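The numbers in UniProt numbering rise by one with no breaks, and the one at position 401 of the sequence shown is 401.
The C-beta atom is built at its ideal place from N, Cα and C for all residues, glycine as well.
Please read all numbers here as calculations on a predicted model, not as lab measurements.
Everything below concerns the one structure shown next.
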Amino acid sequence: MARGQGSQNEWQRQAAAAARAREWEERARERAVREAEKERKRLHQLRMTEQVDQDNEQLEASVQQLRSILESGLSRPARINLRALRRTFKAPELKLGDLAQASPKPTWDQYAPNPPGPISRFFGGEARYEDRRRWAEAALQKALEEHAEQERQRQQTISQLKRDHAERVDAEAKQVARHNRSVEALAGQLDERQKDAVEKYLRQVIKATPIPASFPRRLALTFSPRADQVVLQVELPPKSVVPMVSSYRYLPTKDEVRPTARQAKEAGSLYRAIISQVALLYIRDLFAGDPKLRTVAFNGHVQALNPGTGENEFPCIISLNVEREDFPQDANLRKVELAACVRHLNAIVSAHPYELEPIEPILDFDLSKFSFVEGFDAVSTLDARPDLMEMSPTNFEHLVREIFVAQGAEGWTTEQSNDDGVDAVIAKRTPLMGGLSIVQAKRWSKVVGISHVRELAGAMEEKRAGWGILVTTSWFTPKCWDKAREHGRMELIDGDRLVYLIKEHLGKDVLIGIKDRPAARRNQPQSGR
């Protein structure tokens with residue numbers, strides 16, 4: 001009985017030990033699962049943190065690229081050496097390959113049978129040898145004929161290949177010669193400041209300007225040979241180029257990546273910096289690419305959707321008109337503060353460019369209307385159209401008056417002896433917008449300086465005129481355009497626009513026969529009627 005009780009106790013002890021072992025194993029498995037899950041979470045959080053760090057680095061790199069557009073662009077020359085584009089023609093060698101060598105001519109040794117020996121001759125070998133020799137002679141003759149035909153075909157093929165090669169060489173040589181002639185012609189026309197050649201060259205300069213690949217490349221460009229001035233209209237990048245996120249942050253407790261929005265003020269400041277850099281870099285490349293260029297006018301536009309009308313618009317948000325001597329050299333341009341630089345250059349920048357608030361450009365650009373009219377520099381002896389430079393001052397003033405009369409205004413020319421700086425008076429008798437305008441007409445061949453704009457302002461004040469219009473057959477310095485814009489009630493009409501207005505409103509084709517562009521002196525031009 002005691003032995004049975006002891007066996008039962010032993011069994012219970014073993015069962016309890018087994019249960020404890022199973023419990024320990026279960027706890028060990030649970031600990032292993034928890035440790036594995038903990039390690040998985042740790043590695044996941046580490047990967048997420050690394051990914052966020054990488055995203056932040058990429059974000060910072062993209063912003064840095066946007067901030068360094070100008071600095072990066074200054075590291076390369078903008079001028080294109082056209083004559084370096086000449087090609088040197090080297091005729092390619094004609095390679096005949098296997099055709100270069102004729103195949104070996106068949107010989108008797110290749111076909112000759114072995115002569116019979118003494119024993120063979122005794123058993124009729126001589127007759128068999130003669131049979132084999134006749135067969136070998138026939139085979140050799142056939143092989144020689146086939147070889148001759150192959151050689152004839154080879155020579156014929158070589159002759160055709162040589163003719164084809166000569167034709168290709170001649171065509172390529174002519175193509176290279178045409179290319180070199182076009183390069184020389186363009187270089188010569190560029191030296192002569194021919195309008196089409198200068199525009200073609202400057203488009204190549206602008207095409208090479210290193211702006212980010214995501215930026216639009218749409219532009220329009222026109223050149224005035226008389227003033228050595230270019231007007232460039234460029235599509236600027238949309239405001240979406242500014243990253244809306246300033247940084248990313250990983251929240252381990254929520255296992256999520258949370259972006260931090262870029263503040264509106266910072267986004268606006270960055271966008272203003274972008275468009276300022278683009279404008280400065282384009283202007284720099286134009287001046288650097290063409291050392292003879294005196295003035296660059298730049299209008300930067302952007303594609304935008306008007307939320308009120310739902311229509312696509314193309315507002316101008318930055319405009320400059322810069323003389324070469326006012327534009328910083330590369331060494332100084334690297335050190336400028338963008339806002340101060342564009343302010344120094346008298347740029348007009350939208351007060352809120354990030355909101356695409358439009359501005360009025362300093363110089364209008366409309367290739368279908370106010371472009372520099374082709375033929376403007378033609379000499380009168382080479383053209384049957386009337387030359388404004390040959391008109392008398394009085395007739396020229398009457399012609400200017402007729403332009404405004406044709407637009408529905410009333411106009412009078414003043415007496416020559418006592419006009420107080422006024423050549424014509426224009427009145428438009430309409431409610432609210434009607435009023436008196438005074439006109440100064442200058443039939444000049446030299447540049448018009450800022451002193452004449454100040455003179456017009458004084459005449460407006462004295463005559464209490466609501467508007468002042470300065471018309472010339474020549475052109476204005478950038479300071480004139482700046483002064484007129486600051487005044488707010490002036491209109492400047494240079495020779496290019498005058499030719500267009502006469503054609504549009506009077507239906508007359510005219511030219512302005514100014515043979516040579518003068519070397520205008522800044523603010524103190526040598527002018528004369």
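Look at Gln189 and His301 and say whether their C-beta atoms are less than 8 angstroms apart. no
Tell me the residue span of the alpha helix (DSSP H) that contains Ile512. No alpha helix (DSSP H) holds Ile512; DSSP gives it neither H nor E.
Val52 versus Pro216 - alpha carbon distance: 30 angstroms
How would you label Asp131, buried or exposed, when you count the other beta carbons within 10 angstroms and need 16 or more for buried? exposed
Is there contact between the region 175-182 and the region 82-101, where contact requires at least three CB pairs shorter than 8 angstroms? yes
Just checking my contact of His147 with Lys105 at CB under 8 angstroms: how many whole Å lie between their CB atoms? The beta carbons of His147 and Lys105 sit about 6 angstroms from each other, so the pair counts as a contact at 8 angstroms.
Could you tell me which of Lys292, Val241 and Ala459 sits nearest to Ala267, measuring between CA atoms? Val241
Just grab the DSSP bridge partners of Glu491 for me. Ile469
Threshold first: 3 residues or longer. Then list the beta strand (DSSP E) segments lying entirely within the region 215-256, N to C. 219-224, 229-235 and 245-251
Here's the rule: buried if 16 or more other CB atoms are within 10 angstroms of the residue's CB, otherwise exposed. What is Met460? buried
Assuming Ser319 is part of the beta strand (DSSP E), what are its boundary residues? Cys316 to Glu323
With a cut-off of 8 angstroms, do at least 3 Cβ pairs link the region 438-445 to the region 284-297? no
Residue range of the alpha helix (DSSP H) that includes Ala208: Looking at the DSSP string, Ala208 is not in any alpha helix (DSSP H), and its letter there is neither H nor E.
Backbone CA spacing between Ser269 and Ser214 [nearest angstrom]: 20 angstroms
Output needed for Ala406: all residues of its chain with C-beta closer than 7 angstroms, excluding positions within five of it in sequence on either side, in chain order. His505 and Leu506
Whole angstroms are fine: how far does the CA of Ser182 sit from the CA of Val296? 27 angstroms
Can you have a look at Met244 and say buried or exposed, based on whether 16 or more other CB atoms are within 10 angstroms of its CB? Answer is exposed; the Cβ neighbour count stays below 16.
Based on the DSSP secondary-structure assignment, which residues constitute the bridge partners of Glu313? Ala304
Test item: CB-CB of Ser445 and Ile403 under 8 angstroms: no
Between Thr49 and the rest of its own chain, which residues show a CB-CB distance below 7 angstroms, the 5 nearest in sequence each way excluded? Tyr250
Assuming Asp55 and Tyr354 make a contact with CB atoms under 8 angstroms, what is their CB distance in whole Å? The pair is not a contact, with the Cβ atoms about 24 angstroms apart (cut-off 8 angstroms).
For Met389, collect the residues of the same chain with a Cβ closer than 8 angstroms to its Cβ; drop the 5 residues on either side in sequence, then sort them by chain order. Cβ within range, chain order: Ser380, Arg443, Ser445, Thr473, Ile512, Gly513 and Ile514.
Can you tell me whether DSSP reads Phe327 as helix, strand or coil? coil
Evaluate Lys142 with the Cβ neighbour count: other Cβ atoms within 10 Å of its Cβ, from every protein chain shown; 16 or more gives buried, anything less gives exposed. exposed
Nearest-angstrom Cα separation, counted from Ser246 out to Val359: Correcting the residue identity first, residue 359 is Ile in this sequence and not Val. If you take the alpha carbons of Ile359 and Ser246, they lie about 29 angstroms apart.
Can you name, in chain order, every residue of its own chain whose Cβ lies under 6 angstroms from the Cβ of Ile69, other than the five neighbours on each side? Gln277
Exposed or buried, which one is Gly495 when buried takes at least 16 other CB atoms within 10 Å? buried
Inter-residue Cα distance where the pair is Pro307 and Asp364: Approximately 25 angstroms between the Cα atoms of the pair.
What distance in whole Å lies between the Cβ atoms of Pro210 and Ser72, which are believed to be in contact at a cut-off of 8 angstroms? 6 angstroms
In three-state DSSP terms, what is Asn299? strand
Can you tell me which of Gln150, Leu293, Gln45 and Thr157 puts its alpha carbon nearest to the alpha carbon of Val205? Leu293
On the criterion of 16 or more Cβ atoms from any shown chain inside 10 Å, does Asp330 qualify as buried, or is it exposed? exposed
If you scan the region 36-106 from start to end, which runs of the beta strand (DSSP E) of 3 or more residues do you find wholly inside it? Contiguous beta strand (DSSP E) elements confined to the region 36-106 do not occur, taking only those with 3 or more residues.
Grab the span of the alpha helix (DSSP H) containing Ala273 for me, first residue to last. Ala264 to Gly289
Based on the DSSP secondary-structure assignment, which residues constitute the bridge partners of Phe476? Val448
Quickly, what does DSSP pair Ile348 with across the bridge? List them, please. Per DSSP, Ser319.
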